[in-house]
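Remarks on the structure that follows.
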Amino acid sequence: MVDLSVHAGLLQDEGLHVIAASVDSVDDTNDLKSGLRLEFPLFAEIDAVAVARATGAFIEAGERAFMQATGFMLAPDGNVGTAVYATGPIGRITPTEILRALRFARAAASSS
Amino acid sequence: MTPLIEPIRRSQLMNERLSPGDAMPAIMGKDSDGNEVDLVASLAGRFAFVQLFRGHW
Chain A
558 MVDLSVHAGL LQDEGLHVIA ASVDSVDDTN DLKSGLRLEF PLFAEIDAVA VARATGAFIE
618 AGERAFMQAT GFMLAPDGNV GTAVYATGPI GRITPTEILR ALRFARAAAS SS
Chain B
1334 MTPLIEPIRR SQLMNERLSP GDAMPAIMGK DSDGNEVDLV ASLAGRFAFV QLFRGHW
């Protein structure tokens, strides 16, 4: 999240809408947003099990289930452009890769 | 609140991964005011990046 927060402005300047979500409470999410000074929407209290079933995202099971980091690039039609799944605490798509994927998707859309 | 999911095997929960071209399913969550919203519906019509993160753990 820190890497994304640092580079979110760059992504938004390219016209990409960025959001993030976790199972955390609304209060904890609002604290995180203000603490990191995030300038994109954060969403709270997603249902880890339901999201895992719908998207194939990995979760950490147990007394408190939570999401493993998962990133989805979406096209304007709502379809997935690319998806990156982590199975544990490491492995995330980087802002550079997000930007590259965005530029590729735009080039592909303009050539079709 | 997500219920205890043990002894459900993790493999039972995780469907196929989404591939390029798949429709992104709805993801329900709460905004900063506590209103329940579909995160994905809010992104319609534009290029977007959705990051699911671990939060507190």
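Top line first, the protein sequences correspond to chains A and B.
With this note's numbering, you'll find the first sequence wraps up at 669, consecutive numbering, no jumps.
With this note's numbering, you'll find the second sequence wraps up at 1390, consecutive numbering, no jumps.
Built from N, CA and C at the ideal position, the CB exists for glycine as well.
request  = Measure from the alpha carbon of Phe600 of chain A to the alpha carbon of each residue in B:Asp1355, B:Ala1377, B:Leu1351, B:Leu1372, then state which is nearest.
outcome  = B:Leu1372
query = Exposed or buried, what is Phe661 of chain A when buried is set at 16 or more other beta-carbons lying within 10 Å of its beta-carbon?
reply = exposed
query = With burial defined as no fewer than 16 other Cβ atoms inside 10 Å of the residue's Cβ, what is the status of Glu602 of chain A: buried or exposed?
reply = That one is buried.
First and last residue of the uninterrupted alpha helix (DSSP H) at Phe661 of chain A = 652-668
query = DSSP three-state call for Asp588 of chain A: helix, strand or coil?
reply = helix
query = Applying a beta-carbon distance threshold of less than 8 angstroms, which residues of chain B neighbour Asp514 of chain A?
reply = No answer is possible for residue 514 of chain A: the residues shown for chain A start at 558 and end at 669.
Status (buried if at least 16 other CB within 10 Å, exposed otherwise) for Gly1362 of chain B = buried
message = I want to verify the contact list: residues of chain B whose CB lies under 7 angstroms from the CB of Glu602 of chain A, in sequence order.
response = Gly1362, Lys1363
query = Given a threshold of 16 other Cβ atoms within 10 Å of its Cβ, counted over all protein chains shown, does Pro652 of chain A qualify as buried or as exposed?
reply = buried
For Glu1339 of chain B, three-class secondary structure by DSSP = Any reading at Glu1339 of chain B is ruled out, since the residue's pLDDT is 46, under 50, leaving its predicted position unreliable.
query = Terminal residues of the continuous beta strand (DSSP E) containing His574 of chain A?
reply = 574-578 is the span of the beta strand (DSSP E), which, as asked, contains His574 of chain A.
inquiry  = Please confirm whether Asp1355 of chain B has its beta-carbon closer than 7 angstroms to some beta-carbon of chain A.
reply    = yes
message = On the criterion of 16 or more Cβ atoms from any shown chain inside 10 Å, does Ala1359 of chain B qualify as buried, or is it exposed?
response = exposed
inquiry  = Buried or exposed, going by whether 16 or more other CB atoms sit within 10 Å of the CB of Ala577 of chain A?
reply    = buried
task = Would you tell me roughly how many angstroms separate the C-alpha atoms of Arg1342 of chain B and Ser668 of chain A, rounded to the nearest one?
result = Caution is warranted here: a pLDDT of 47 is assigned to Arg1342 of chain B, below 50, making its placement in the model unreliable, and the coordinate value is therefore given only provisionally. Arg1342 of chain B and Ser668 of chain A: Cα-Cα distance of roughly 45 angstroms.
query = What is the DSSP secondary structure of Leu1376 of chain B, counted as helix, strand or coil?
reply = Here DSSP, grouped into helix, strand and coil, assigns Leu1376 of chain B to helix.
request  = Please list the partners that Phe661 of chain A has in chain B, where partner means a Cβ-to-Cβ separation under 8 angstroms.
outcome  = Ordered by position in chain B, no residue passes the 8 angstroms Cβ test against Phe661 of chain A, which lies about 11 angstroms from the chain.
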